[in-house]
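Single-structure report; data block below.
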Amino acid sequence: MSLRRIAVLSFCVLLAACSKVNQENYAKLKAGMTKAEVENLLGKPTECSGALGLSSCTWGDQQIFISVQFAGDKVMMFSGQGLK
(Lines of atoms letter the chains of each structure in order from A and count residues from 1; the text may use other names and numbers.)
(Lines give C-alpha, C1' and ligand atoms only; values in the text may rest on other atoms or scores of the structure.)
Protein backbone atom coordinates (compact mmCIF):
# COMPACT_ATOMS: atom_id res chain seq x y z
CA MET A 1 0.00 0.00 0.00
CA SER A 2 1.36 3.41 -0.89
CA LEU A 3 2.23 5.99 1.73
CA ARG A 4 -0.39 8.35 0.33
CA ARG A 5 -3.18 5.76 0.70
CA ILE A 6 -2.12 5.03 4.26
CA ALA A 7 -2.15 8.75 5.07
CA VAL A 8 -5.62 9.26 3.54
CA LEU A 9 -7.03 6.20 5.31
CA SER A 10 -5.55 7.32 8.63
CA PHE A 11 -7.04 10.79 8.20
CA CYS A 12 -10.50 9.36 7.48
CA VAL A 13 -10.39 7.10 10.55
CA LEU A 14 -9.22 10.00 12.73
CA LEU A 15 -11.93 12.29 11.39
CA ALA A 16 -14.66 9.72 12.09
CA ALA A 17 -13.33 9.13 15.60
CA CYS A 18 -13.38 12.87 16.35
CA SER A 19 -17.02 13.43 15.46
CA LYS A 20 -18.95 15.26 18.14
CA VAL A 21 -22.16 13.62 16.93
CA ASN A 22 -22.01 10.58 19.20
CA GLN A 23 -23.88 8.82 22.01
CA GLU A 24 -21.64 10.34 24.69
CA ASN A 25 -22.46 13.92 23.70
CA TYR A 26 -26.13 13.06 23.10
CA ALA A 27 -26.33 11.89 26.72
CA LYS A 28 -25.10 15.34 27.83
CA LEU A 29 -28.02 17.18 26.20
CA LYS A 30 -30.66 18.46 28.61
CA ALA A 31 -33.91 20.36 28.20
CA GLY A 32 -33.35 24.01 29.06
CA MET A 33 -29.78 24.22 27.71
CA THR A 34 -29.07 27.32 25.63
CA LYS A 35 -28.26 27.13 21.94
CA ALA A 36 -24.73 28.34 22.75
CA GLU A 37 -24.28 25.47 25.23
CA VAL A 38 -25.42 22.95 22.59
CA GLU A 39 -23.07 24.46 20.00
CA ASN A 40 -20.23 24.31 22.49
CA LEU A 41 -20.95 20.59 22.93
CA LEU A 42 -21.68 19.62 19.30
CA GLY A 43 -20.09 22.39 17.22
CA LYS A 44 -21.88 24.43 14.57
CA PRO A 45 -25.05 22.77 13.27
CA THR A 46 -25.21 21.28 9.80
CA GLU A 47 -28.60 22.87 9.23
CA CYS A 48 -31.14 25.07 11.06
CA SER A 49 -34.63 26.27 10.24
CA GLY A 50 -37.46 27.92 12.10
CA ALA A 51 -39.89 30.75 12.57
CA LEU A 52 -41.76 32.64 15.29
CA GLY A 53 -39.26 31.87 18.04
CA LEU A 54 -39.13 28.13 17.34
CA SER A 55 -36.21 26.51 15.56
CA SER A 56 -34.83 23.09 14.75
CA CYS A 57 -31.13 22.38 14.20
CA THR A 58 -29.44 19.21 13.03
CA TRP A 59 -25.87 18.02 13.49
CA GLY A 60 -24.59 15.18 11.29
CA ASP A 61 -25.98 13.66 8.10
CA GLN A 62 -29.01 11.60 7.04
CA GLN A 63 -27.76 8.39 8.69
CA ILE A 64 -26.09 9.66 11.87
CA PHE A 65 -27.52 12.80 13.40
CA ILE A 66 -28.67 14.71 16.44
CA SER A 67 -31.69 16.97 16.03
CA VAL A 68 -32.53 19.65 18.61
CA GLN A 69 -35.68 21.76 18.79
CA PHE A 70 -35.44 25.16 20.45
CA ALA A 71 -38.08 27.52 21.81
CA GLY A 72 -36.39 30.89 21.87
CA ASP A 73 -32.85 30.10 22.97
CA LYS A 74 -33.68 26.99 25.05
CA VAL A 75 -33.72 23.28 24.21
CA MET A 76 -37.25 21.86 24.30
CA MET A 77 -36.73 18.41 22.72
CA PHE A 78 -33.96 16.45 21.07
CA SER A 79 -33.49 13.16 19.26
CA GLY A 80 -30.75 11.17 17.62
CA GLN A 81 -30.25 8.37 15.13
CA GLY A 82 -27.38 6.01 14.35
CA LEU A 83 -25.25 7.22 17.28
CA LYS A 84 -22.34 5.14 18.50
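By the UniProt record's numbering, the letter at position 58 of the sequence shown is numbered 58, and the numbering carries on one by one without gaps.
All residues carry an ideal CB built from backbone N, CA and C; glycine is no exception.
Length of the line joining the Cα atoms of residue i and residue j
i     : j     : result
Leu54 : Asn22 : 25 Å
Gly72 : Leu42 : 19 Å
Leu83 : Gln63 : 9 Å
Ala51 : Ser2  : 51 Å
Asn25 : Arg4  : 33 Å
Ala27 : Thr34 : 16 Å
Ser49 : Ala36 : 16 Å
Beta-carbon contacts of residue i that lie in its chain and below 8 Å, excluding the five residues immediately before and after
i     : result
Leu29 : Val38, Leu41, Ile66, Val68, Val75 and Phe78
Ser56 : Cys48, Ser49, Gly50, Ser67, Val68, Gln69 and Phe70
Candidates the options: closest to residue i by CA position
i     : options                       : result
Gly32 : Lys84, Phe70, Gly80 and Leu83 : Phe70
Thr58 : Glu24, Ser2 and Lys20         : Lys20
Glu47 : Ala27, Tyr26 and Asp61        : Asp61
Assigned secondary structure, residue i (DSSP; H/G/I helix, E/B strand, else coil)
i     : result
Val21 : coil
Lys28 : helix
Leu15 : Any reading at Leu15 must be qualified, since the residue scores a pLDDT of 47, below 50, and its modelled position is unreliable; no value is offered.
Lys84 : coil
Lys74 : strand
Leu42 : helix
6 Å CB neighbourhood of residue i in its chain, flanking five on each side removed
i     : result
Gln81 : Phe65
Own chain residues within Cβ distance below 7 Å of residue i, not counting five before or after
i     : result
Lys44 : none
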